Every structure is written in structure tokens, then in C-alpha cells.
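Undergrad: Input: one structure, supplied below.
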Amino acid sequence: MNSWERVVRAMELGVPDRVPLYEMAPSPRIVAGVLGVSEGEVLVNNPRIFYDLLASGRRLDLEKFNERLVDQIMLFHEKLGLDWIRVYGTY
Numbered sequence: 025m026n027s028w029e030r031v032v033r034a035m036e037l038g039v040p041d042r043v044p045l046y047e048m049a050p051s052p053r054i055v056a057g058v059l060g061v062s063e064g065e066v067l068v069n070n071p072r073i074f075y076d077l078l079a080s081g082r083r084l085d086l087e088k089f090n091e092r093l094v095d096q097i098m099l100f101h102e103k104l105g106l107d108w109i110r111v112y113g114t115y
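As C-alpha cells, this is what we get:
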């Protein structure tokens with residue numbers, strides 16, 4: 025059973041092959057540890073970085089910022105083998 029089938033089966037109140045794995049809101053420290061980067065590089069659940077970039081007065085490419093955020097979310101989930109990916113709001 026793949027992740028999609030597992031989550032759908034559970035949401036339909038069926039019995040999947042195992043309980044779907046999910047992480048609701050990992051802290052930047054946890055994400056940094058899993059990805060092997062410094063906490064200051066983590067965009068996931070780390071609005072302070074976004075606000076600091078805005079406050080710095082530098083030009084912020086939101087499309088690039090959001091692409092990097094999505095890349096981190098996907099890599100985090102792939103490394104942990106999670107079944108369910110929370111859709112975060114972007115900036």
C-alpha cells in the first residue's frame with residue numbers, strides 16, 4: 025500500500041496496512057536536524073526568517089522563497105518517510 029492509498033483508506037475509516045505517519049507542525053530545530061542544516065536556514069514553520077527578510081529592506085523574491093519552502097517540506101517528508109504532507113500557507 026502506498027502513502028496515498030494508506031491515507032485515503034484511513035480517512036474512509038477503513039483499515040490501512042499501518043497507521044499513516046504525519047507531522048503536524050515540526051519545529052525549525054527538528055527540521056534542521058533532519059535536513060542537516062542550521063536552524064537559521066529553515067523556512068518551515070519559521071515566520072521570523074520571512075519577517076526579518078522583509079524588515080531588512082532587501083528585495084524579496086516571493087516565488088523563489090516559496091519554492092525553497094516547498095523543497096524543504098518535501099525533503100523533510102521524504103527523509104522521514106511520512107505519508108501525509110500538511111499544506112502550509114505560503115507568503
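Counting from 1 along the sequence shown, just add 24 to a position and that's the residue number in this note's numbering. From the three backbone atoms N, C-alpha and C, an ideal C-beta is built for every residue, glycine too. The structure displayed is predicted, hence computed values, not measured ones.
For Tyr46, name the three-state secondary structure that DSSP assigns.
TA: Against the sequence shown, residue 46 aligns to sequence position 22. Reduced to three states, the DSSP call for Tyr46 is strand.
Undergrad: Within the chosen definition, does the stretch 84 to 99 reach the stretch 28 to 40 through at least 3 CB pairs nearer than 8 angstroms?
TA: No, the stretch 84 to 99 does not touch the stretch 28 to 40.
Undergrad: Quick check on this structure: which residue in Glu36, Pro71, Met98, Leu106 has the alpha carbon closest to the alpha carbon of Pro52?
TA: The residue you call residue 52 lines up with position 28 of the sequence shown. Selected option, being the one with the closest Cα: Pro71.
Undergrad: Taking Gln96 and Leu59 to be in contact with their CB atoms under 8 angstroms, please state how far apart those CB atoms are, rounded to whole angstroms.
TA: Taking the first residue of the sequence shown as position 1, residue 96 is located at position 72. Taking the first residue of the sequence shown as position 1, residue 59 is located at position 35. Gln96 to Leu59, Cβ: 7 angstroms. Contact.
Undergrad: Taking Trp108 as part of the alpha helix (DSSP H), name the residues at either end of that continuous run.
TA: Within the sequence shown, numbered from 1, the residue matching residue 108 stands at position 84. Neither: Trp108 is in no alpha helix (DSSP H) and is coded neither H nor E.
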